[in-house]
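J.: Please see the structure below; I have some questions.
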Amino acid sequence: MQDSPTRDTAKTAAPTATNEQIAQTIASELSVDPARVRATIALLDEGATVPFIARYRKEITGGLDDTQLRSLEQQLHYLRELEDRKATILRSIEQQGKLTDELRRSILEVTTKARLEDLYLPYKTTRRTKATIAREAGLEELVDEILTGTSTDPAELAEKFITEGFADATAVLAGARAIVIDNVATDADLVGEIRNEFYERGHLTASVVEGKEAEGAKFRDYFEFDEPFTSLPSHRILALLRGESEGVLSLTFGPGDNTADATATTDGAEFYEGIIAQRAGLEPQGDAADKFRATCVRYAWRTKLSISSAVDVRMRLKERADQAAVDVFSTNLKDLLLAAPAGQRATMGLDPGYRNGVKCAVVDPTGKVLDTVVVYPHTGGAKWEQARTILSSMAAKHGVELLAVGNGTASRETEKLAREIADLIAQAGGTKPQPVIVSESGASVYSASEVAAAEFPEMDVSLRGAVSIARRLQDPLAELVKIDPKSIGVGQYQHDVNQTLLAQGLDSVVEDAVNSVGVDVNSASAQLLQRVAGITTTIADNIVAYRDDNGAFTSRKELLKVPRLGPKAFEQSAGFLRINNGSNPLDASAVHPEAYPLVDRITAATGLDVPQLIGNSQALRSVRPGEVADEQFGIPTVTDVLAELDKPGRDPRPTFATAQLADGIEEIKDLAPGMVLEGTVTNVAAFGAFVDIGVHQDGLVHVSAMSDRFVKDPHEVVSSGQVVKVKVMEVDVTRNRISLSLRLSDEPGSSDSRRPTGRTAPATGAGKSSRGARRGVDKNTNPKGQRRGHGLQGSQGSRGAGPAGSMAEALKKAGFGR
Numbered sequence: 001m002q003d004s005p006t007r008d009t010a011k012t013a014a015p016t017a018t019n020e021q022i023a024q025t026i027a028s029e030l031s032v033d034p035a036r037v038r039a040t041i042a043l044l045d046e047g048a049t050v051p052f053i054a055r056y057r058k059e060i061t062g063g064l065d066d067t068q069l070r071s072l073e074q075q076l077h078y079l080r081e082l083e084d085r086k087a088t089i090l091r092s093i094e095q096q097g098k099l100t101d102e103l104r105r106s107i108l109e110v111t112t113k114a115r116l117e118d119l120y121l122p123y124k125t126t127r128r129t130k131a132t133i134a135r136e137a138g139l140e141e142l143v144d145e146i147l148t149g150t151s152t153d154p155a156e157l158a159e160k161f162i163t164e165g166f167a168d169a170t171a172v173l174a175g176a177r178a179i180v181i182d183n184v185a186t187d188a189d190l191v192g193e194i195r196n197e198f199y200e201r202g203h204l205t206a207s208v209v210e211g212k213e214a215e216g217a218k219f220r221d222y223f224e225f226d227e228p229f230t231s232l233p234s235h236r237i238l239a240l241l242r243g244e245s246e247g248v249l250s251l252t253f254g255p256g257d258n259t260a261d262a263t264a265t266t267d268g269a270e271f272y273e274g275i276i277a278q279r280a281g282l283e284p285q286g287d288a289a290d291k292f293r294a295t296c297v298r299y300a301w302r303t304k305l306s307i308s309s310a311v312d313v314r315m316r317l318k319e320r321a322d323q324a325a326v327d328v329f330s331t332n333l334k335d336l337l338l339a340a341p342a343g344q345r346a347t348m349g350l351d352p353g354y355r356n357g358v359k360c361a362v363v364d365p366t367g368k369v370l371d372t373v374v375v376y377p378h379t380g381g382a383k384w385e386q387a388r389t390i391l392s393s394m395a396a397k398h399g400v401e402l403l404a405v406g407n408g409t410a411s412r413e414t415e416k417l418a419r420e421i422a423d424l425i426a427q428a429g430g431t432k433p434q435p436v437i438v439s440e441s442g443a444s445v446y447s448a449s450e451v452a453a454a455e456f457p458e459m460d461v462s463l464r465g466a467v468s469i470a471r472r473l474q475d476p477l478a479e480l481v482k483i484d485p486k487s488i489g490v491g492q493y494q495h496d497v498n499q500t501l502l503a504q505g506l507d508s509v510v511e512d513a514v515n516s517v518g519v520d521v522n523s524a525s526a527q528l529l530q531r532v533a534g535i536t537t538t539i540a541d542n543i544v545a546y547r548d549d550n551g552a553f554t555s556r557k558e559l560l561k562v563p564r565l566g567p568k569a570f571e572q573s574a575g576f577l578r579i580n581n582g583s584n585p586l587d588a589s590a591v592h593p594e595a596y597p598l599v600d601r602i603t604a605a606t607g608l609d610v611p612q613l614i615g616n617s618q619a620l621r622s623v624r625p626g627e628v629a630d631e632q633f634g635i636p637t638v639t640d641v642l643a644e645l646d647k648p649g650r651d652p653r654p655t656f657a658t659a660q661l662a663d664g665i666e667e668i669k670d671l672a673p674g675m676v677l678e679g680t681v682t683n684v685a686a687f688g689a690f691v692d693i694g695v696h697q698d699g700l701v702h703v704s705a706m707s708d709r710f711v712k713d714p715h716e717v718v719s720s721g722q723v724v725k726v727k728v729m730e731v732d733v734t735r736n737r738i739s740l741s742l743r744l745s746d747e748p749g750s751s752d753s754r755r756p757t758g759r760t761a762p763a764t765g766a767g768k769s770s771r772g773a774r775r776g777v778d779k780n781t782n783p784k785g786q787r788r789g790h791g792l793q794g795s796q797g798s799r800g801a802g803p804a805g806s807m808a809e810a811l812k813k814a815g816f817g818r
């Protein structure tokens, strides 16, 4: 029996009656033709993967790319869960005998889970409450008497309802009030309105917990903090929640002011109580019950709706922050995975260290380990010269072309050693190898993993890291897929966000990256193969086992001999699997086997066979797509096939390039404002980018120093792994802080440079009294152009947890959060 793809999240069965509604909803939200959406949903339901659909079903989808398809897939999953929940709620209410036609219609028309739960509130089976007990005692009759207007004192009316459990008029009125409050708190329309007003008008305030000032110094930018919910960026939300969880900050999710006056300091109760009174029919009537009504309104707000609204806004902010953080992480991960490969060249990996030595491993052009050694050049004495001799001899012996130096502790010193090794080999008449600083992202995580243990069972854990460093220079994608994406650490607060959401987002990124590049089926690891569309873990292991037993695959058709790789898995995966030097040259390209008959028509139209056609731009340009297209292969597919024949198996990744680190600039004390240096972007956050300029601490380019134009998202300007030139704007040796600018015309210290000062500086008087100052300014900066509370306390992690360990490590390397 064939394995089905495991990463299809859109398979939840939905009633046929709702499929059209779901398709219409998604089409409207994505601004896509409903017919295209219906066809795409059908493909997903059949087990097709997003990479396959994006690449090979363009006629059906109308050319939707993988990003649009991922959004469609996620929305489909959400709406089907919503439909399932509707069905459950309808059954529950119907069993209670309370389902009316109007209520059924309201539930069926719901488009969000929050609104659906609001409608269900009055019908949830809950524990007995004061309102429940009061209703059982018949006090609803009293409520009706009081609220319909009365000249009689409610306390006098209550005397008639004294019964067991309600011994006097005061207790009876309290029970009547509980009923009114419960009615208010379960009114779906009213609850929804209050909740939305709370979110739109409310503020999040933070203060330091008494006695935690020193312990929580890294959160000092939030010791007096206030900002509207609607303007809080994701990293600030996560930083505030982290401060609260660590017991340093006290957070208040407040309702906002009674008026639009930004300097008002009232708690907003009057505004919300006015809405409750109006919507619940509890406005003053000028009768004896007005005090009772006012008390009900006040209690409904303070004991129910203010609390539930604060809980809701906390959840909403967390969800918003999680999604934004996952988006940042996903973008950075994609950049890292699709970084330029150095290619199949013999490489020596050097994992730097001081006392524990520099771990070294040589791999051949295919990544096979040839030699390993540990040297101790940084321990003084003759060790440096000894290391030079050993490593230069090893590099010359194996024809090493690249020296991959990890960017962790002792990286610059080790890079200096690598340069001397290269010079020694050149002086001896050999080919001079090129030293390259390489991200150690996840190297230590990989070293201790089951994957590494299976790959190198006899190798010391410390040496496995050096192998990984060497291989990731050759091909970052092939090596990084062996590591849990969360451990690569190129995001913000990855340990604080919803882990399911994070895992789904990162897995999608890895899958899309792998399939956009393609995989050599004769050299790929099982970890890489299982990221190919349609290939499960079992099938990936079977491919490797078949290859080991039978030798290299000679054609794509031979894949069908692999156990459990049936027609469906073949359809999904074949176009992404490459077989170089096989029996059919098309097997080395992205042309899907199902389109080989189309290539036959193209060869007939040109009079050339496939080998003559491949790379023949002139002949391919002479083919008119419309003349060879048919019902199965439309113009989009024909166009793709022609492009692939022109440059078969082309790699979408950029050309390999490395930053040229400045000689003599090895420590932060070597820097001076005004220097222009080359470096590599190691991480991109919502507030800026971190750049490795070779001094052990990454410098921070704040978002306001990236361009002469306004930059909303740093990813618009830079990406992880990109080589950039930066100007040093400020250096704080004591605090290990480096401020950089991408605008090389900026002058350090000038008032118009608009650079960050190197750390967050909260606006003066950042409590509630500063609310007016905080409105009307750019979200990213305070009026002085300084960053407000950008969340310096990122997730803690080890060196191996990311290019800088994690966002915390990146910030720490830049000198922040110390």
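Numbering (full-length UniProt numbering), first residue to last: 1 to 818.
Backbone N, C-alpha and C fix where the C-beta goes; we use that ideal spot for every residue, glycine too.
This one's a predicted model, so the numbers in the text were calculated from it and none came from an experiment.
1. Alpha carbons only, please: which of D66, Q572, I390 and K58 is nearest the one belonging to E46?
2. Exposed or buried, which one is E20 when buried takes at least 16 other CB atoms within 10 Å?
3. In whole angstroms, what is the alpha-carbon distance linking H790 and S28?
4. Rounded to a whole number of angstroms, what is the C-alpha to C-alpha distance between S231 and A361?
5. Could you pull the DSSP bridge partners for P228 from this structure?
6. On the three-pair Cβ rule with 8 angstroms, is the region 317–330 touching the region 414–426?
7. Decide if R55 is buried, meaning its Cβ has at least 16 other Cβ atoms within 10 Å, or exposed.
8. What span of residues does the alpha helix (DSSP H) with T67 cover, start to end?
9. Taking 8 angstroms as the threshold (C-beta atoms), are L30 and L82 in contact?
10. Three or more C-beta pairs under 8 angstroms: does that hold for the region 89–100 against the region 114–125?
11. If you run the structure through DSSP and keep just helix, strand and coil, what is N683?
12. Would you list the residues sitting across from A404 in a DSSP beta bridge?
13. Counting Cβ pairs closer than 8 angstroms, one from the region 287–304 and one from the region 152–161, do we hit at least three?
14. Looking at R471 and E479, is the spacing between their C-beta atoms short of 8 angstroms?
15. Who are the Cβ neighbours of G274 in its own chain at under 6 angstroms, not counting the five residues just before and after it?
16. Which value, in whole angstroms, describes the spacing of the CA atoms of G785 and E224?
17. Anyone know if the C-beta pair for Y272 and I179 falls short of 8 angstroms?
18. With which residues is V375 paired in a DSSP beta bridge?
19. Is the region 385–403 touching the region 337–346, taking contact as three or more C-beta pairs under 8 angstroms?
20. Flag this pair as yes or no: are the beta carbons of F512 and P51 separated by less than 8 angstroms?
21. Run the CB neighbour count on G582, radius 10 Å, all protein chains shown included, and call it buried at 16 or more, exposed below.
22. With 16 as the cutoff for other CB atoms within 10 Å, does V638 come out buried or exposed?
23. In its own chain, which residues sit with a C-beta less than 6 angstroms from the C-beta of R531, not counting the 5 before and 5 after it?
24. I want to know whether the region 205–225 touches the region 168–188 - three or more CB-CB distances under 8 angstroms.
25. Give the DSSP-derived three-state secondary structure of K486 in the structure shown.
26. Report the rounded CA-to-CA distance for V544 versus K58, giving the unit in angstroms.
27. Classify E667 as helix, strand or coil using the three-state DSSP reduction.
28. Between the beta-carbon of G399 and the beta-carbon of Y376, is there less than 8 angstroms?
29. Tell me, to the nearest whole angstrom, how far the beta carbon of G694 is from that of E666; I am working on the premise that it is less than 8 angstroms.
30. For D327, does the three-state DSSP call read helix, strand or coil?
31. Whose C-beta lies closer than 6 angstroms to the C-beta of P593 among residues of the same chain, with five residues either side of it excluded?
32. How about I579 and V521: are their beta carbons less than 8 angstroms apart?
33. Anyone know if the C-beta pair for L402 and G721 falls short of 8 angstroms?
34. Considering just the uninterrupted stretch of the alpha helix (DSSP H) at F253, what are its terminal residues?
35. Using only the alpha-carbon positions, how far apart do W384 and N407 sit?
36. Going by alpha carbons, who is nearest to V733 out of T303, E644, K669 and V519?
T.: This is what the structure gives:
1. By alpha-carbon distance to E46, the top candidate from D66, Q572, I390 and K58 is Q572.
2. Classification for E20: exposed.
3. With a pLDDT of 31 at H790, under the threshold of 50, the modelled position of that residue is not reliable, and the figure given next carries that caveat. The alpha-carbon atoms of H790 and S28 are separated by roughly 35 angstroms.
4. Taking the straight line joining both Cα atoms gives about 50 angstroms.
5. Looking at the DSSP assignment, P228 forms a beta bridge with H203.
6. With a cut-off of 8 angstroms, the region 414–426 and the region 317–330 do not count as touching, because too few Cβ pairs lie within range.
7. Buried is the label assigned to R55, since at least 16 other Cβ atoms lie within 10 Å of its Cβ.
8. Note, T67: alpha helix (DSSP H), D66 to Q95.
9. No, the pair does not count as a contact, with Cβ atoms beyond the cut-off.
10. The region 89–100 vs the region 114–125: in contact.
11. Collapsing the DSSP output to three states places N683 in a strand.
12. DSSP lists G349 and V436 as the beta-bridge partner residues of A404.
13. By the criterion of at least three beta-carbon pairs nearer than 8 angstroms, the region 287–304 is in contact with the region 152–161.
14. Going by C-beta atoms, E479 is nearer than 8 angstroms to R471.
15. Nothing meets the Cβ criterion.
16. Here the model assigns G785 a pLDDT of 33, short of 50, so the residue's position is not dependable, and the following value carries that caveat. Cα-Cα distance, rounded: 19 angstroms.
17. Not in contact: Y272 and I179 (Cβ atoms no closer than 8 angstroms).
18. Answer is V358, bridged to V375.
19. Yes: the two stretches touch, three or more of their Cβ pairs being nearer than 8 angstroms.
20. Strictly speaking, residue 512 in this sequence is Asp, with Phe absent from that position. The beta carbons of D512 and P51 sit closer together than 8 angstroms.
21. In the assembly as shown, G582 is a buried residue. Its beta-carbon has 16 or more other beta-carbons within 10 Å.
22. V638 is buried by the Cβ-count criterion.
23. These residues qualify, in order along the chain: V481, V510, E511 and V514.
24. Taking 8 angstroms as the limit for Cβ pairs, the verdict is that the region 168–188 does not touch the region 205–225.
25. Reduced to three states, the DSSP call for K486 is helix.
26. Their Cα atoms are separated by approximately 31 angstroms.
27. Annotated three-state conformation of E667 is coil, per DSSP.
28. In this structure, the beta-carbon distance from G399 to Y376 does not fall below 8 angstroms.
29. Their Cβ separation, rounded to whole angstroms, is 7 angstroms, which keeps G694 and E666 in contact under 8 angstroms.
30. Under the three-state reduction of DSSP output, D327 falls in the helix class.
31. For P593, where only same-chain residues beyond five positions count, the Cβ hits under 6 angstroms are R556 and A574.
32. I579 is a Cβ neighbour of V521, given a cutoff of 8 angstroms.
33. Annotated as distal: L402 and G721, with beta-carbon spacing of 8 angstroms or more.
34. Per DSSP, F253 belongs to no alpha helix (DSSP H); it is in the beta strand (DSSP E), L249 to G254.
35. If you take the alpha carbons of W384 and N407, they lie about 19 angstroms apart.
36. Of all alpha-carbon atoms in T303, E644, K669 and V519, the one lying nearest the alpha-carbon of V733 is that of K669.
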